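> Counted from 1, the sequence shown has number 253 at position 251 by our numbering; the numbering is strictly sequential. The beta-carbon is built from N, C-alpha and C at its ideal position, and this holds for glycine as well. Predicted model only: the values in this text are computed from it and were never measured. I have a structure I would like to understand better, so I am pasting it below and will then ask my questions one at a time.
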Amino acid sequence: MAVTDVFARRATLARSLRLLSAFRFERRDPPRFYGALAADTAAMVGDLWQAARGEAPAGRTLLDVGGGPGYFAAAFDRAGVRYIGVEPDPNEMHAGGPVGPGTGPGGGTFVRASGMALPFADDSVDICLSSNVAEHVPRPWQLGGEMLRVTRPGGLVVLSYTVWLGPFGGHEMGLTHYLGGARAAARYARKHGHRAKNDYGSSLFAVSAADGLTWAASTGAAVAAFPRYHPRWAWWLTSVPALREFLVSNLVLVLKPRE
């Protein structure tokens with residue numbers, strides 16, 4: 003069974019439309035948006051694990067690199083997965099509410115650290131997830147290498163990121179990123195009187211689909227790549243150079259460290 007076979011049945015047009023609809027709440031009602039995204043992400047990871055290992059991921063340990071305030075923690079907790087979140091920014095870590103010693107608002111355990119230097123031993127977690135973080139670090143494939151390092155042989159690494167030339171690549175800068183990152187960032191600052199939270203060159207970087215696919219292939223651990231929010235019948239876009247850069251808004255790389 004291919005690692006995507008179970009999830010492919012869930013990747014319908016109705017799901018794509020439901021997630022697209024949820025995006026309008028990202029800024030004005032973050033818990034609503036991230037709650038929906040967390041439930042979908044937990045289901046996706048569970049499906050990938052089921053196809054790869056022939057069992058549900060309950061009882062396994064998942065490390066979420068760039069977990070923010072922990073919106074994903076509750077969704078994985080409901081699936082019986084032991085959740086550990088890593089977040090370097092204390093403001094992001096506390097954005098969902100007060101955080102007790104090492105514990106996030108949705109449950110789980112949180113550690114303040116950089117995804118490019120994870121403070122975990124080799125082969126220490128079953129699943130390592132990073133959702134929409136790689137485009138926010140200057141060395142995304144160092145982050146990917148760290149994810150592989152801490153994942154046990156036979157486990158799964160699921161690295162999902164926003165493709166720069168896709169429609170959401172500019173984040174809050176909107177489609178102005180097609181003018182060029184630096185120009186779009188300067189335009190945003192002039193219009194709003196401050197730099198964007200996702201500021202090109204400091205907290206937002208141009209990461210292509212080709213970059214991710216090339217890195218994944220170089221590891222020898224790649225088992226799948228697909229567009230995260232597309233229905234199954236549109237997954238072929240990932241295999242078409244140039245076209246994928248504009249139409250694959252978010253690319254999922256699935257890797258399985260060798261046993």
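Per DSSP, what kind of secondary structure is Ala-223 in: helix, strand or coil?
Coil.
> For Asp-201, I'd like the list of residues in its chain whose CB is within less than 6 Å of its CB, leaving aside the five on either flank, ordered along the chain.
So the qualifying residues of the chain are Ala-187.
> Any contact of the region 232–245 with the region 130–138, i.e. 3+ C-beta pairs under 8 Å?
Contact between the region 232–245 and the region 130–138 is absent, because fewer than three Cβ pairs lie under 8 Å.
> Considering Cα atoms alone, identify which of Tyr-36, Phe-170 and Gly-61 is closest to Ile-129.
Measuring from the Cα of Ile-129, the nearest candidate turns out to be Gly-61.
> Can you give me the C-alpha to C-alpha distance between Ser-210 and Ala-198, rounded to a whole angstrom?
So the two alpha carbons sit approximately 21 Å from each other.
> Alpha carbon to alpha carbon, how far is Thr-164 from Ser-23?
Roughly 18 Å between the two C-alpha positions.
> Based on the DSSP output, what are the partners of Val-256 in its beta bridges?
Partner(s): Val-160 and Ala-226.
> Would you mind stating whether Ala-223 and Lys-258 have Cβ atoms separated by less than 7 Å?
Taking 7 Å as the Cβ cut-off, Ala-223 and Lys-258 qualify as a contacting pair.
> Just the C-alpha distance for Leu-255 and Thr-178, rounded to the nearest angstrom, thanks.
Cα-Cα distance, rounded: 27 Å.
> State the beta-bridge partners of Ser-133 as determined by DSSP.
Ser-162, per the DSSP bridge assignment.
> Specify the secondary structure class of Thr-178 as computed by DSSP and reduced to three states.
Here Thr-178 sits in helix by DSSP.
> Buried or exposed: Ala-219, going by 16 or more other Cβ atoms within 10 Å of its Cβ?
Burial call: exposed.
> Going straight from the alpha carbon of Glu-247 to that of Trp-238, what length do you get?
So the two alpha carbons sit approximately 13 Å from each other.
> Is Asp-66 buried or exposed, if buried means 16 or more other CB atoms sit within 10 Å of its CB?
With 16 or more Cβ atoms within 10 Å of its Cβ, Asp-66 is classed as buried.
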